[in-house]
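Going by this note's numbering, the first residue of the sequence shown is number 1, and it counts up by one from there. Ideal Cβ placement from N, Cα and C applies to all residues, glycine included. Computed from a predicted structure; not experimentally measured. Here's the structure we're looking at; comments come further down.
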Amino acid sequence: IAQLHACGALAAIANGKEEYQKQVVEVGGIIPLATALRAGDPGVQEEAAAAIASVSQLNACQKDIIKAGAVLPLVAMLKMASDDTQMHACYALANIAEDNAEGQSMIARTGALPLLINLLGSGKAQEGVATAIAHMTKGHEVNQAEVTRLGGVPKLIALLSSVNTETQAQAAAALAALASGDNRDEQDVIAAAGGIRPLLSLVESRYPLAQRSSINALAMLAMGNRENQESIAT
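The structure is reproduced here in structure tokens:
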């Protein structure tokens with residue numbers, strides 16, 4: 001019980017607070033949190049995942065989290081865990097992958113992408129899943145191609161019509177990340193799957209993040225792609 005409450009307290013204290021995230025790292029908190037991910041009971045694992053999700057908002061600790069062996073248990077939680085645990089695991093993986101090619105590749109090697117695509121279909125974790133996919137695919141063409149191959153594009157497009165505006169925004173961000181590579185394959189797949197019209201609808205959203213994400217996605221779809229430029233203009 002003490003371990004569960006300790007992890008929960010760290011999750012709350014560190015969330016959105018860079019000063020406290022740094023303190024957790026400086027006092028050696030990453031290793032015990034990673035150990036709790038692997039060895040704790042389901043309740044402890046949920047709170048440990050939440051704590052890792054909070055602390056990993058500090059990009060400087062990405063390597064420490066990877067070195068502590070946190071990635072594999074986080075990915076395992078995507079298979080069989082509560083909705084809340086899966087949500088925390090998604091955000092933790094998203095943070096580990098953010099602007100980090102090593103993290104993007106390592107998480108993909110553990111088999112995370114098929115599990116994330118599967119979770120796009122339903123459940124509480126959809127927003128976190130879309131965030132993780134966005135961070136894992138931005139600037140990473142291997143992961144972009146894999147998400148496309150696994151059928152992630154139509155599922156992300158479906159989320160653009162979600163009742164949750166945060167989910168809409170993160171789905172648009174994921175589509176922007178998928179279309180950000182040097183080749184046109186993902187741009188063409190997104191356009192062919194009908195992604196342009198719902199993205200244009202989100203441009204009129206009253207929610208600023210959804211607006212920004214959809215506009216960025218349209219920019220990525222249009223970049224160097226005459227057919228998509230014409231479709232968007234039309």
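Alpha carbon to alpha carbon, how far is Leu33 from Leu200?
42 Å
What are the uninterrupted segments assigned as alpha helix (DSSP H) that are 4 or more residues long and contained completely in the region 158-191, given in chain order?
165-178
Pairing CB atoms from the region 103-115 with CB atoms from the region 155-171, are three or more of them under 8 Å?
no
With DSSP collapsed to three states, give me the class of Val27.
coil
What number of angstroms, rounded off, separates the C-alpha of Asn59 from the C-alpha of Asn225?
33 Å
Would you identify the three-state DSSP class for Tyr207, choosing helix, strand or coil?
coil
Can you tell which of Ala97, Gln187, Ala173 and Ala219 has its C-alpha closest to the C-alpha of Ala210?
Ala173
Rounded Cβ spacing between Glu98 and Gln144 (contact assumed at less than 8 Å):
At roughly 16 Å, the Cβ-Cβ gap does not stay under 8 Å, so Glu98 and Gln144 are not in contact.
Where Ala94 sits in the DSSP three-state scheme
helix
Terminal residues of the alpha helix (DSSP H) in which Ala14 lies
Ala2 to Ala14
DSSP-derived helix/strand/coil call for Thr137:
helix
First through last residue of the alpha helix (DSSP H) which encompasses Ala81
No alpha helix (DSSP H) contains Ala81, which DSSP labels as neither H nor E.
Considering only the alpha carbon of each residue, which of Val163, Ile232 and Ala217 lies closest to Leu181?
Looking at the sequence shown, residue 181 is not Leu but Gly. Gly181 has its Cα closest to that of Ala217, out of Val163, Ile232 and Ala217.
What would DSSP say about Ser214, mapped onto helix, strand or coil?
helix
Note the first and the last residue of the continuous alpha helix (DSSP H) segment covering Met106.
Ala101 to Arg109
Measure the C-alpha to C-alpha separation of Arg109 and Ala76 and round it to an integer number of angstroms.
13 Å
What residues in its chain sit with their C-beta under 6 Å from that of Val129, if we drop five residues either side in the sequence?
Cys90, Leu116, Leu119 and Leu120
Looking at the secondary structure, which residues open and close the alpha helix (DSSP H) in which Asp64 lies?
Gln62 to Lys67
Just to confirm before moving on: does the CB-CB distance between Ala49 and Leu10 stay below 8 Å?
no
Got a sec, what are the start and stop residues for the alpha helix (DSSP H) Ala233 sits in?
Arg226 to Ala233
Using only the alpha-carbon positions, how far apart do Ile42 and Ala6 sit?
In the sequence on display, residue 42 carries Pro and not Ile. The straight-line gap from Cα to Cα measures roughly 15 Å.
In or out: Asp46 buried (at least 16 other Cβ within 10 Å) or exposed?
In the sequence on display, residue 46 carries Glu and not Asp. Result: buried.
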